[in-house]
Amino acid sequence: MVIKPKIRGFICTNAHPTGCSEHVQEQINYVKQQGVLKNAPKNVLVIGASTGYGLASRITAAFGGGAKTLGIFFEKEGTERKTGSAGWYNTAAFQEAADEAGLWSKNINGDAFSNEIKQKAIDTIKADLGKVDCIIYSLASPRRTDPNTGEVFSSTLKPIGNAVTTKNLNTSKREIDEITVEAANQDDIDNTIKVMGGEDWEMWIDALKEADVLADNFKTTAYTYIGKELTWPIYGHATIGKAKEDLDRATAAIKESTKDLNGEAYVSSLNAVVTQASSAIPIMPLYISALFKVMKADGTYEGTIEQIQALFSENLYGDNPRFDEGGHLFQNYKELEDDVQARVQAVWDSVDTSSIDELTDYVGYHNEFLRLFGFGIDGVDYDQYVDSVKPIANMID
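In this text, residue positions in the sequence shown follow this note's numbering: the first is -1, and each later residue adds one.
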């Protein structure tokens, strides 16, 4: 079929297999250009491996450090009538590249919150890897089923305390308007923590330790975004912020439970970038569009793969890791510089619908959004027929 983007609201409902493949290859090429990753892990489990920061982590570990990688994801396969998800095509492309490079790589498709998928991962590690020395936790999901009780929890994106009315970039209408988000109640907060907090990360590490598949001196990290004053009302000081704070609790718990292995657990604070998750959060499209304008002018802009490659080389496996005041690995320091934030604030205060293109890099934001789904990639002929069915090799049944 000929595949063109189908956008509804803040999501794209289809994906282009060739475009996704080329996007993955771009990231692989970038990592290779940075040279061999020093002190690299050997056996890496990536939980949430098919898009965004999780995919970038898998690419960095494999093509930067030569690691064997086991990827966990929950993606939709394409049919002859309907495309698969971007994450499916991304993983198919990653696996092809890994096979060509002679890198061990296997994949598990299913609900990472479930006990079943945890057991599949453990069985695969025991059979093929023995132990893992790096666990990347990069899940983004709107809901979670508790594997022990069967109860389903749904996350919300709400401020805490009072409703918030703020400027917003309506990406459907391509205009600046206002949005009001009602305040969360305690159930909203608790449910969001259950979905997006550290409980499942902790359960993964507990299961891996109990199965004796954690290597001595292993490292694990979960990813967060903290931001500053501009994004705090909807992000930092809100339901999602409370969930991210729970990652700090989980970090301490993981360190305590694995101290006999000298395990290291960190939360890594990363840049605001265009992801499927961030596109759904009020404030973020306008904030990121303004941030792109400022950081690209400074030559300091970093996309997903640049952030993760630097995180691995400078912080997670670097000789002198950088920490923020909260004890997180501090990779988004360029974004949070006072001068950068002041200039982003100035754009935020003055931009209106007529000046979107002048004052922000909304075009860049929109292009990055399309690239998540394999569209707008240089060298891809989007008028050409393409097979929407693309199997993933080395899939664990």
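Idealized CB from N, CA, C, for every residue including glycine. It should be emphasised that the depicted structure is a prediction, and the values quoted were computed from it without experimental measurement.
Within the same chain, Cβ atoms closer than 6 Å to the Cβ of V29 are found at I57, T58, F61, G62, Q307, the five residues on either side in sequence being excluded. E180 is a Cβ neighbour of A161, given a cutoff of 8 Å. Cβ atoms of A65 and N88 stay farther apart than 8 Å, at about 18 Å. A84 sits in a helix when the DSSP states are folded into three classes. Scanning Y221, K240, H21, Y135 for the CA closest to the CA of N183 turns up K240. In the structure shown, V338 adopts helical secondary structure according to DSSP, grouped into three states. Three or more pairs of CB atoms, one per stretch, sit closer than 8 Å, so the region 277 to 290 contacts the region 357 to 366. Residue range 262 to 267 is occupied by the beta strand (DSSP E) that includes S267.
Ranked by Cα distance from N113, the first of I26, Y264, R369, T147 is T147. Contact check for R142 against D198 passes: the beta carbons are separated by less than 8 Å.
Y51 is classed as buried because its beta carbon has at least 16 other beta carbons within 10 Å across all chains shown. For V211, there is no enclosing beta strand (DSSP E), since its DSSP letter is neither H nor E. By a beta-carbon distance limit of 8 Å, A236 does not contact P319. Their separation comes to about 28 Å.
Relative to A250, the option among T219, K80, S267 whose CA is nearest is T219. The Cβ atoms of V130 and F71 do not sit closer than 8 Å to each other.
Boundaries of the beta strand (DSSP E) around E173: 173 to 179.
Beta bridge pairing from DSSP links I45 with I70, Y135. Bridge pairing for M393: N105 [DSSP].
When the five nearest sequence neighbours on each side are left out, the beta carbons in the same chain lying within less than 7 Å of the beta carbon of D322 are those of S267, F328, in order along the chain. Note: T143 is bridge-paired with V150 in the DSSP secondary-structure output. The criterion of a C-beta distance shorter than 8 Å is satisfied by Y315 and K36. Counting only runs of 3 or more residues that sit fully inside the region 217 to 270, the beta strand (DSSP E) segments are 262 to 267, in chain order. The straight-line gap separating the alpha-carbon atoms of P3 and S311 is approximately 35 Å.
F321 carries a strand assignment under DSSP once its states are collapsed to helix, strand and coil. Residues of the same chain with a CB within less than 8 Å of the CB of V22, apart from the 5 flanking positions on each side, are L53, I57, N88, A91, F92, A95 in chain order.
L327 sits in a strand when the DSSP states are folded into three classes. Across the structure, T49 and L309 are spaced so that their CA atoms are roughly 17 Å apart. In the structure shown, the three-state DSSP call for T164 is strand. Shown here for K74: same chain residues with a beta carbon closer than 7 Å to its own, the five before and five after excluded, namely G82, S83, W86 in chain order.
In the three-state scheme derived from DSSP, where H, G and I count as helix and E and B as strand, P15 is classed as helix. The region 377 to 393 makes contact with the region 5 to 21: 3 or more CB pairs, one atom from each, lie closer than 8 Å.
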